[in-house]
Structures are given as structure tokens and as C-alpha cells.
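The C-terminal residue of the sequence shown carries number 495 in the working numbering, and the numbering is unbroken. What follows is one structure encoded as C-alpha cells, with my remarks underneath.
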Amino acid sequence: MKKLKDIHLAAFFLLLVMIISCDFNNHETSLSEDDFREQLDQSIPIWMDRYEVPGVSIALINNGEISWSDAYGFADLGKQIRMTAETVCRVESISKSVTARGVMKLVEMEKIGLDDPVYIHLKSWEFPESEYDIERVTIRHLLCHSSGLSLGTIGLEYAPDEEKPSLRESLSREVRFEREPGSKFNYSNVGFHLLELLIEDVTGKDFSEFMEEEILIPLEMVHASFEWSEDFITPVPNGHNLKGEPIQVYVYSEKGAGGLFASAVDIARFVETGMVNEFYSGENILSEDSIRELNSTVIEVSDIYALVSEHYGLGHFIETLPNGQRAVFSGGQGNGWMTHFHLVPETGDGIVILTNSSRSWPLISHILSDWAEWNGFGSVGMGIITKAITGLWMLIGLILAVSLWQMIRIIGDSMQGKRKFDVQIKNYSGVQFVQLGLFLILISVLIWSLTREYLIITSVFPGASGWFLSAILIFAVVMLISALITRVDNTLPKT
Numbered sequence: 001m002k003k004l005k006d007i008h009l010a011a012f013f014l015l016l017v018m019i020i021s022c023d024f025n026n027h028e029t030s031l032s033e034d035d036f037r038e039q040l041d042q043s044i045p046i047w048m049d050r051y052e053v054p055g056v057s058i059a060l061i062n063n064g065e066i067s068w069s070d071a072y073g074f075a076d077l078g079k080q081i082r083m084t085a086e087t088v089c090r091v092e093s094i095s096k097s098v099t100a101r102g103v104m105k106l107v108e109m110e111k112i113g114l115d116d117p118v119y120i121h122l123k124s125w126e127f128p129e130s131e132y133d134i135e136r137v138t139i140r141h142l143l144c145h146s147s148g149l150s151l152g153t154i155g156l157e158y159a160p161d162e163e164k165p166s167l168r169e170s171l172s173r174e175v176r177f178e179r180e181p182g183s184k185f186n187y188s189n190v191g192f193h194l195l196e197l198l199i200e201d202v203t204g205k206d207f208s209e210f211m212e213e214e215i216l217i218p219l220e221m222v223h224a225s226f227e228w229s230e231d232f233i234t235p236v237p238n239g240h241n242l243k244g245e246p247i248q249v250y251v252y253s254e255k256g257a258g259g260l261f262a263s264a265v266d267i268a269r270f271v272e273t274g275m276v277n278e279f280y281s282g283e284n285i286l287s288e289d290s291i292r293e294l295n296s297t298v299i300e301v302s303d304i305y306a307l308v309s310e311h312y313g314l315g316h317f318i319e320t321l322p323n324g325q326r327a328v329f330s331g332g333q334g335n336g337w338m339t340h341f342h343l344v345p346e347t348g349d350g351i352v353i354l355t356n357s358s359r360s361w362p363l364i365s366h367i368l369s370d371w372a373e374w375n376g377f378g379s380v381g382m383g384i385i386t387k388a389i390t391g392l393w394m395l396i397g398l399i400l401a402v403s404l405w406q407m408i409r410i411i412g413d414s415m416q417g418k419r420k421f422d423v424q425i426k427n428y429s430g431v432q433f434v435q436l437g438l439f440l441i442l443i444s445v446l447i448w449s450l451t452r453e454y455l456i457i458t459s460v461f462p463g464a465s466g467w468f469l470s471a472i473l474i475f476a477v478v479m480l481i482s483a484l485i486t487r488v489d490n491t492l493p494k495t
């Protein structure tokens with residue numbers, strides 16, 4: 001998941017469209033797993049077509065074990081290479097959950113403590129000077145995004161064979177504090193880059209090597225790696241941006257926050273070991289107490305993240321479901337990629353969804369909503385997107401209806417001689433000034449939106465965002481016309 005400058009606007013907008021939408025679903029279900037799979041076989045291709053998502057791989061976990069995996073669409077549209085459940089993908093910020101396991105492994109090995117100040121374990125790099133007390137930053141703070149560190153620069157991508165900065169060079173550039181450590185949730189990729197360095201300095205091993213030896217291989221994540229390789233079992237697919245354009249495979253100079261390559265089955269193997277042992281009967285790399293520690297609530301989330309979850313644990317979000325059970329989840333978003341896993345440790349149920357498109361949030365929300373309903377959970381926080389889509393279309397209809405109604409009134413009044421064109425501001429009423437102000441504000445917002453390389457609202461609503469922007473433009477023009485065409489009797493224009 002990314003934190004952008006328009007985060008508060010996005011939060012307000014999502015709340016608005018949610019308020020005007022309703023959820024009429026009946027959450028009772030009697031579908032067997034076979035029936036649910038058949039339902040997914042029918043619905044996923046429809047959603048892929050609707051939101052123009054090239055490929056999806058998915059895995060289900062029931063009673064603590066992987067019960068099914070499959071894939072839909074294409075890993076490579078040009079070459080017509082099909083996506084499979086074993087296709088190695090970029091999993092983006094799901095990497096954070098895996099990195100958190102590596103940190104907890106060091107805790108069990110008694111090499112570090114969760115509440116240790118980070119700086120005491122760092123040997124090859126030092127914090128830059130800061131107005132904040134950096135000695136207060138603990139390992140737990142980094143794991144739960146409460147260190148006060150900034151998000152970090154987004155979009156620093158490199159071709160796999162391209163020269164790139166070292167981890168330590170990256171940290172020297174990116175480590176910047178925005179608030180006092182421990183004071184508030186502040187999603188930070190940089191914090192997990194520091195955890196990557198911590199693992200290297202504590203173990204004396206390369207991060208990727210340690211994670212492979214202690215996490216990936218023991219969990220039988222056989223196709224997963226934090227290192228790019230030409231020898232992956234499958235070629236890594238191209239991602240696809242919001243315009244549907246292919247994005248060539250890339251890597252970051254850091255790995256702990258978003259550098260993992262893995263298949264849906266690999267991530268499902270990781271997820272099934274994130275529950276208490278009464279459900280998972282296989283070998284695990286951590287004790288039951290450590291798993292519970294990872295899944296415990298640590299800090300209340302804020303900003304747009306609060307729309308889908310109440311808390312953050314150690315490496316993943318935590319939400320309370322309508323039935324009172326607790327779910328843990330993590331999602332990843334990169335240039336051309338969206339991924340997600342959801343797990344309910346108390347029931348042994350989980351789901352993994354990997355996609356090679358930036359247009360996938362609505363699709364992921366649909367799948368998660370159906371999965372939650374099938375399992376009797378009622379809903380999950382990510383289901384807000386499907387509700388918001390309904391609300392957005394209602395809002396679009398309302399804006400267009402108001403615009404049409406106002407234009408009909410203006411045309412009717414003009415034909416009856418009740419209005420005339422007037423550009424002399426000195427003759428304008430208060431209502432006309434409000435209409436001009438609305439026009440200028442809306443046009444400014446539209447211009448700003450069109451000049452952004454990325455808008456979270458556009459990402460959440462890839463099918464409807466164009467219609468919404470068009471409706472806003474139409475409404476803005478109607479406001480301008482309303483202001484310029486003055487009522488002849490000089491009474492205030494009706495709105």
C-alpha cells in the first residue's frame with residue numbers, strides 16, 4: 001500500500017461516496033468450497049474485463065492449509081503467456097510481513113529485543129542528525145510504523161541489471177523524521193529499509209541470504225526470493241499502469257519493504273504459518289507465542305488507512321470483523337502491481353491475490369467481499385471499495401442530473417427573456433460570485449488532477465474516475481454559464 005500527498009482528499013472522498021451508498025448483501029451462505037470456486041471462475045473474468053486487469057493469481061487457505069490455487073488471464077499479453085498460481089510476481093509491500101518474520105526470528109535467537117533502541121545494533125551506518133531523539137526509535141516502532149520516519153521517495157525503480165545505490169546510500173538519502181518516535185502511526189517504507197540493515201548488521205549476512213535461509217526455505221516458499229534472478233521458475237510478468245500500458249520488470253535498491261518476488265502459492269505458504277498451531281500442523285520457524293506477538297495490535301492506524309483497518313501489528317494491518325473475530329492482512333502496490341493477503345487466525349482461513357495491474361483495487365475488493373461473505377465473516381475493511389464504487393456512480397448521476405436541471409432552467413429563462421448575457425462583475429449578485437468561485441475551484445482541482453502522475457482516487461476507481469472528472473467539468477461549466485447569464489429582473493439567480 002502508498003501514502004501520497006492527496007491522502008486526506010482521498011479519505012474524505014471515500015467517506016463521502018460510502019455515506020451515499022448502501023450495502024444490501026445478505027451475508028448468509030451455504031456454498032461449498034467447490035461452489036465458491038465455481039463462483040470465482042465465473043466472476044473473476046468479468047471483473048478483470050470490467051477493470052482491464054490482464055492477470056490474476058489466487059490461493060485459498062481453509063483450516064490452516066492451502067486448499068486451492070488458480071490463475072486467470074495473462075502474465076504476458078503480447079506473447080499470450082497465461083498467468084498461473086506458480087507465476088513469480090512482484091508482491092510489493094507484502095514483503096514487509098515477510099521481513100517482520102525475519103526480525104522476529106532474530107528475537108527468538110536472542111540476538112535482539114523488540115524494544116531495543118535500533119541504533120545499538122547498527123554497525124555500518126549511523127542516523128543523520130535530527131531534531132528528534134533518534135535514540136528512542138525501537139525495533140517495535142519500525143515494525144508497526146510508529147518510528148516517526150517519513151514514507152520515503154516513491155518510484156525509485158531500476159532495471160534488474162542497472163547500477164543502483166547501495167542500501168546504506170539509500171538510507172542516508174531517505175531517513176527523515178516527521179514526528180517524535182512512538183507518537184503516531186506513520187506508514188514508512190524507510191522504516192523497513194532500516195530493518196533490512198538491522199538484519200545485515202546483526203547477522204553479518206546479506207539480507208536476502210538470511211531471509212532465504214531462515215524464512216523462505218524453511219517455509220517452503222520454493223520460488224520466492226528477495227533477489228532478482230533470470231532463473232525464476234517463470235518469467236516475471238510485466239506490470240500494467242493505470243492506462244493499461246506495460247511496465248517492464250524493475251527492482252528497488254532496498255528489499256525489506258517491497259523487494260520480494262514470489263508466487264501466489266509461495267505467499268499462501270507464508271500466510272498459513274501465520275496462525276496458531278491448532279490449525280497449522282506443519283513445521284513453523286517461530287513459536288506460537290511469537291506468532292501471537294506478530295498478530296497483536298500495537299498501534300491505532302490513521303489517515304486513509306483507518307478506512308480499512310483499526311490497528312497495525314508487527315508487519316501487517318489488523319481489523320476486527322463484524323462477527324468479532326480478528327483478521328490480519330497486508331497489501332502491496334507498486335508501479336503496475338497490486339497484491340493482497342487476508343488471514344483470520346482464529347478460523348484458519350486465508351486468501352492471497354496477486355495481480356499485474358495498477359487498476360486492481362476494485363477487483364481485489366470484490367474478491368475479498370465474496371470470500372468474507374462465503375466464510376460468514378460478514379465483511380472486511382477492504383470491502384469499502386465496492387461500496388464506494390456504487391456511491392461514486394450515484395454521485396456522478398447526481399452531479400449530471402443537477403447540471404442538466406440547471407441548464408434546462410437557464411435555457412427556459414433565456415427563451416422567455418428573463419436572462420441575458422452579462423460580463424460586468426459590478427452587476428453580479430452574491431450567488432453569481434459563489435458560482436464563479438465554484439467554477440474556479442473545480443477547474444483548478446481538475447487541472448491539478450490531470451497534472452498528477454498518480455492519483456489514489458483514480459487508482460481506487462479506474463472505471464468510474466474518468467466519468468467523475470467529466471461530470472465535475474460539466475458542472476463547473478454550468479456554474480460559469482449560470483454566473484454569466486444574469487436574470488433581467490436583477491433578482492438573485494435561483495440555484
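Ideal placement from N, C-alpha and C gives every residue a C-beta, glycine not left out.
Touch test, the segment 73-83 against the segment 369-382, Cβ-Cβ under 8 Å, three pairs minimum: no
Rounded straight-line distance, which links the Cα of Ile351 to that of His342: Translated into positions along the sequence shown, residue 342 becomes position 342. Translated into positions along the sequence shown, residue 351 becomes position 351. His342 and Ile351: Cα-Cα distance of roughly 5 Å.
Close Cβ partners of Leu219 (< 7 Å) along its chain, the five nearest in sequence each way excluded: The residue labelled residue 219 in the question sits at position 219 within the sequence shown. Within the same chain, Leu219 has close Cβ partners Arg269, Phe270, Thr273 and Ile285.
Counterpart residues of Tyr72 in DSSP-defined beta bridges: Here residue 72 is taken as the residue at index 72 of the sequence shown, counted from 1. In the DSSP output, where bridge partners are listed per residue, Tyr72 has Val56.
Assigned exposure category for Gln248 - 16 Cβ within 10 Å defines buried: Translated into positions along the sequence shown, residue 248 becomes position 248. Exposed, because fewer than 16 other Cβ atoms sit within 10 Å of the Cβ of Gln248.
Residue of Ser470, Asn427, Thr386 and Leu149 minimising C-alpha distance to Phe461: By 1-based counting over the sequence shown, the position of residue 461 is 461. When each option's Cα is compared against that of Phe461, the closest is Thr386.
Distance between Asp349 and Phe36 (C-alpha atoms, nearest Å): In the sequence shown, counting from the first residue as 1, residue 36 sits at position 36. In the sequence shown, counting from the first residue as 1, residue 349 sits at position 349. Using only the alpha carbons, I get a separation of about 14 Å.
Exposed unless 16 or more other CB atoms sit within 10 angstroms - verdict on Gln416: As a working mapping, residue 416 is identified with position 416 in the sequence shown. Exposed: under 16 other Cβ atoms inside 10 Å.
Under the three-state DSSP convention, the category Glu230 falls into: Position 230 of the sequence shown, counting from 1, holds the residue named residue 230. DSSP places Glu230 in coil when its eight states are reduced to three.
Inter-residue Cα distance where the pair is Ser379 and Glu110: In the sequence shown, counting from the first residue as 1, residue 379 sits at position 379. In the sequence shown, counting from the first residue as 1, residue 110 sits at position 110. Each residue's Cα considered, the two are about 39 Å apart.
Closest Cα partner of Ile299 within the set Asp289, Glu288 and His316: On the sequence shown, position 299 is the one that residue 299 refers to. Nearest option by C-alpha distance: His316.
C-beta atoms of Glu86 and Ser253 nearer than 8 Å: For the purposes of this step, residue 86 is taken as residue 86 along the sequence shown, with counting starting at 1. For the purposes of this step, residue 253 is taken as residue 253 along the sequence shown, with counting starting at 1. Cβ atoms of Glu86 and Ser253: not closer than 8 Å.
For Thr386, the three-state DSSP class (helix, strand or coil): Against the sequence shown, residue 386 aligns to sequence position 386. If DSSP states are grouped into helix, strand and coil, Thr386 belongs with the helices.
Local Cβ density within 10 Å of Phe261, reported as buried at 16 or more and exposed below that: Working through the sequence shown from its first residue, we reach residue 261 at position 261. Looking at its Cβ environment, which holds 16 or more other Cβ atoms inside 10 Å, Phe261 is buried.
Simplified DSSP state of Gly397, which is helix, strand or coil: Locating residue 397 in the sequence shown gives position 397, where the first residue counts as 1. Looking at Gly397 - three-state DSSP - the assignment turns out to be helix.
Same chain only: Cβ atoms within 6 Å of His366, ignoring 5 sequence neighbours per side: Locating residue 366 in the sequence shown gives position 366, where the first residue counts as 1. Same-chain partners within the cutoff: Trp47 and Thr386.
Pair within 8 Å by beta-carbon distance, Ile58 and Ile353: Your numbering for residue 58 matches position 58 in the sequence shown. Your numbering for residue 353 matches position 353 in the sequence shown. Yes, they are a contact pair.
Inter-stretch contact (C-beta, 8 Å, three-pair minimum) for the segment 119-132 and the segment 306-314: no
Cβ contact (3+ pairs, closer than 8 Å) linking the segment 62-73 and the segment 212-227: no
Buried versus exposed, by CB contacts within 10 Å (16 or more), Trp505: This structure leaves residue 505 out entirely; the chain is present only between 1 and 495.
Contacting residues, own chain, Cβ-Cβ under 6 Å from Ser360 (five flanking each side not counted): Within the sequence shown, residue 360 is the residue found at index 360, counting from 1. Counting only Cβ-Cβ distances below 6 Å, and skipping sequence neighbours, we find Val53 and Met338.
Gly331, DSSP secondary structure in three states: As a first step, residue 331 is located in the sequence shown; it is residue number 331 there, counting from the start. In the structure shown, Gly331 sits in a strand (DSSP, three-state: E or B).
Local conformation of Tyr158 per DSSP, three classes: Counting from 1 along the sequence shown, the entry for residue 158 is found at position 158. DSSP places Tyr158 in strand when its eight states are reduced to three.
Residue burial classification, Leu362 (beta-carbon count within 10 angstroms, cutoff 16): Residue numbering aside, residue 362 sits at position 362 when the sequence shown is read from its first letter. It is Pro, not Leu, that sits at residue 362 in the sequence shown. Buried.
Buried or exposed (CB count within 10 angstroms, at least 16 for buried), Arg90: Looking up residue 90 in the sequence shown gives position 90. Counting Cβ neighbours within 10 Å, Arg90 comes out buried, since at least 16 surround it.
Beta carbon of Tyr132 nearer than 8 Å to that of Pro181: Here residue 132 corresponds to residue number 132 of the sequence shown, with the count starting at 1. Here residue 181 corresponds to residue number 181 of the sequence shown, with the count starting at 1. Yes, the Cβ-Cβ distance between Tyr132 and Pro181 is below 8 Å.
Cβ neighbour criterion (16 or more within 10 Å) applied to Phe433: Residue 433 sits at position 433 when you count from the first residue of the sequence shown. Flag for Phe433 reads exposed.
Rounded straight-line distance, which links the Cα of Cys144 to that of Lys115: Translated into the one-based positions of the sequence shown, residue 115 becomes position 115. Translated into the one-based positions of the sequence shown, residue 144 becomes position 144. For the sequence presented, residue 115 should be read as Asp rather than Lys. Whole-angstrom Cα-Cα distance: 12 Å.
Same chain, Cβ closer than 6 Å to Trp228, five either side skipped, listed in chain order: Walking along the sequence shown from the start, residue 228 turns up at place 228. The residues are Pro160 and Val251.
Beta-carbon proximity of Ser357 to Gly334, cut-off 8 Å: Locating residue 357 in the sequence shown gives position 357, counting from the first residue. Locating residue 334 in the sequence shown gives position 334, counting from the first residue. For Ser357 and Gly334, no; Cβs fall outside 8 Å.
Straight-line gap, Glu293 to Ile389 (C-alpha atoms, nearest Å): Within the sequence shown, residue 293 is the residue found at index 293, counting from 1. Within the sequence shown, residue 389 is the residue found at index 389, counting from 1. For Glu293 and Ile389, the distance between alpha carbons rounds to 36 Å.
C-alpha distance - Leu400 paired with Ala483, whole-angstrom precision: Here residue 400 refers to the residue found at position 400 when the sequence shown is read from its first residue. Here residue 483 refers to the residue found at position 483 when the sequence shown is read from its first residue. Roughly 18 Å between the two C-alpha positions.
Selected residue, minimal CA-CA separation from Lys184, among Ser302, Leu31 and Ser470: For the purposes of this step, residue 184 is taken as residue 184 along the sequence shown, with counting starting at 1. Comparing Cα positions, the closest option is Ser302.
Counted within 10 angstroms of its Cβ, other Cβ atoms place Ser21 as buried (16 or more) or exposed: Numbered from its first residue, the sequence shown carries residue 21 at position 21. Confidence is the limiting factor: at Ser21 the pLDDT is only 45, short of 50, which leaves the residue's position unreliable, though a coordinate-based value still follows. It is buried - the Cβ of Ser21 has at least 16 other Cβ atoms within 10 Å.
Test item: CB-CB of Ser130 and Gly191 under 8 Å: The residue given as residue 130 occupies position 130 in the sequence shown. The residue given as residue 191 occupies position 191 in the sequence shown. No, the pair does not count as a contact, with Cβ atoms beyond the cut-off.
Enclosing beta strand (DSSP E) for Asp266 [first to last residue]: Taking the sequence shown and counting its residues from 1, one reaches residue 266 at position 266. First-last for Asp266: Ala264 to Glu272, but that is the alpha helix (DSSP H), not the beta strand (DSSP E).
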